[in-house]
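Enquirer: There's a structure below that I have some questions on.
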Ligand SMILES: Nc1ncnc2c1ncn2[C@@H]1O[C@H](COP(=O)(O)OP(=O)(O)O)[C@@H](O)[C@H]1O
Ligand SMILES: [Mg+2]
């Protein structure tokens, strides 16, 4: 195996980065691919979702979306598990600390198992506080972690959930990536963020001397429209407008990710509602986006 590393990035938050990262990752895991999700966002939402999902899988007998008591108990269990991981320095914070105590030995990485083929490296709220101002020397930390722990050999895909700002966290994520995708809401202002992101990537990665010396080439896979209000003419018009604005510059995925009002309260992974016809549009869209992403690689 030689994992393909893909960053999910946008300068804006709330655009579906985390939702797509964990769900496309899970889709591929279900197809038998080995997937690692790296949570680089200090908001660590991917970590929270994956831990809760894991708790549900482990206690599958309890799976009952309507029983509040069971749901709260699962949240408590997963929160306690997270505290243990954080106390044991098993999060991305470790990568940025001055003395890296993670020994480059087999099985000593930070990967945590979610299910058979799905693993993740937990995020940490503390990274936003503890990363020093002068961190130019940290750009390669993720690349080095992958190399030291033979991580690329263990997985088919590594998905990085990036923070919604430009910092060493995003920089080191893209530095370690082969590809990136831009999840974006259908919002006429979103083009400002996309342009800013492209400028940053040109300056800090593509045209950077140190990056050029690595001989690597970060490739953009394009924009995925998320939280799309389907069957609304104005939404179609907005998508058309945005595509027109970027014609010749930026690619767009054909498949889009629909807005589903009850998504955050009912389930964590789309896979949990695969058999529920209420969510068939969401399920289909996750499958299509996954196929399209893979076909672009
Ligand atoms: N298909 C969807 N329909 C409705 N809400 C969604 C959908 N996907 C995600 N959300 C919600 O939108 C919010 C932002 O999504 P998230 O993936 O966390 O974005 P980001 O990582 O870019 O900040 C979350 O509250 C999430 O539950
Ligand atoms: Mg997020």
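Numbering (the working numbering), first residue to last: 34 to 330.
All C-beta atoms in this analysis are idealised placements derived from N, C-alpha and C, irrespective of residue type, glycine included.
Please tell me whether, using a cut-off of 7 angstroms, the distance from the CB of residue 292 to the nearest non-hydrogen atom of ligand 1 is below it.
Expert: By one-based count along the chain shown, residue 292 stands at place 259. Yes, ligand 1 has a heavy atom inside 7 angstroms of this Cβ.
Enquirer: Relative to ligand 1, is the shortest distance from any of its heavy atoms to the C-beta of residue 315 smaller than 7 angstroms?
Expert: Translated into positions along the chain shown, residue 315 becomes position 282. Checking every heavy atom of ligand 1 against the Cβ of residue 315, one is found closer than 7 angstroms.
Enquirer: Distance, Cα to Cα, residue 191 vs residue 254?
Expert: Taking the chain shown and counting its residues from 1, the one referred to as residue 191 is at position 158. Taking the chain shown and counting its residues from 1, the one referred to as residue 254 is at position 221. Cα-Cα distance, rounded: 15 angstroms.
Enquirer: Quick one: does the C-beta of residue 78 sit closer than 7 angstroms to a heavy atom of ligand 2?
Expert: Numbered from its first residue, the chain shown carries residue 78 at position 45. Checking every heavy atom of ligand 2 against the Cβ of residue 78, one is found closer than 7 angstroms.
Enquirer: Per DSSP, residue 216 forms a beta bridge with which residues?
Expert: Residue mapping note: residue 216 aligns to position 183 of the chain shown, counting from 1. DSSP output for residue 216 lists 257 as bridge partner(s).
Enquirer: Can the beta-carbon of residue 153 be found closer than 8 angstroms to that of residue 69?
Expert: Here residue 153 refers to the residue found at position 120 of the chain shown. Here residue 69 refers to the residue found at position 36 of the chain shown. Cβ atoms of residue 153 and residue 69: closer than 8 angstroms.
Enquirer: If contact is defined by three or more beta carbon pairs under 8 angstroms, each pair taking one atom from either stretch, is the stretch 237 to 250 in contact with the stretch 51 to 69?
Expert: Output reads no: the stretch 237 to 250 does not touch the stretch 51 to 69.
Enquirer: In the DSSP assignment, the beta strand (DSSP E) including residue 70 goes from what residue to what residue?
Expert: As a working note, residue 70 is residue 37 in the chain shown. First-last of the beta strand (DSSP E) with residue 70: 68 to 72.
Enquirer: Of all the CB atoms in chain C, is at least one closer than 8 angstroms to the CB of residue 317?
Expert: No chain C appears in the structure shown, which is made up of a single protein chain.
Enquirer: Who does residue 75 pair with in a DSSP beta bridge?
Expert: Counting from 1 along the chain shown, the entry for residue 75 is found at position 42. Answer is none; residue 75 lacks a bridge partner.
Enquirer: Helix, strand or coil: which one does DSSP assign to residue 151?
Expert: As a working mapping, residue 151 is identified with position 118 in the chain shown. The answer is strand: DSSP assigns residue 151 an E or B state.
Enquirer: Please give me, in chain order, every unbroken run of the alpha helix (DSSP H) with length at least 4 that falls completely inside the stretch 160 to 244.
Expert: Within the stretch 160 to 244, the complete alpha helix (DSSP H) runs of at least 4 residues are 160 to 163, 174 to 181, 184 to 187, 201 to 208, 223 to 234.
Enquirer: Taking three-plus beta-carbon pairs below 8 angstroms as touching, is the stretch 177 to 186 in contact with the stretch 34 to 51?
Expert: Contact between the stretch 177 to 186 and the stretch 34 to 51 is present, because at least three Cβ pairs lie under 8 angstroms.
Enquirer: Taking the alpha-carbon positions, what's the residue 262 to residue 219 distance?
Expert: Locating residue 262 in the chain shown gives position 229, counting from the first residue. Locating residue 219 in the chain shown gives position 186, counting from the first residue. When rounded, the distance between both Cα atoms is 9 angstroms.
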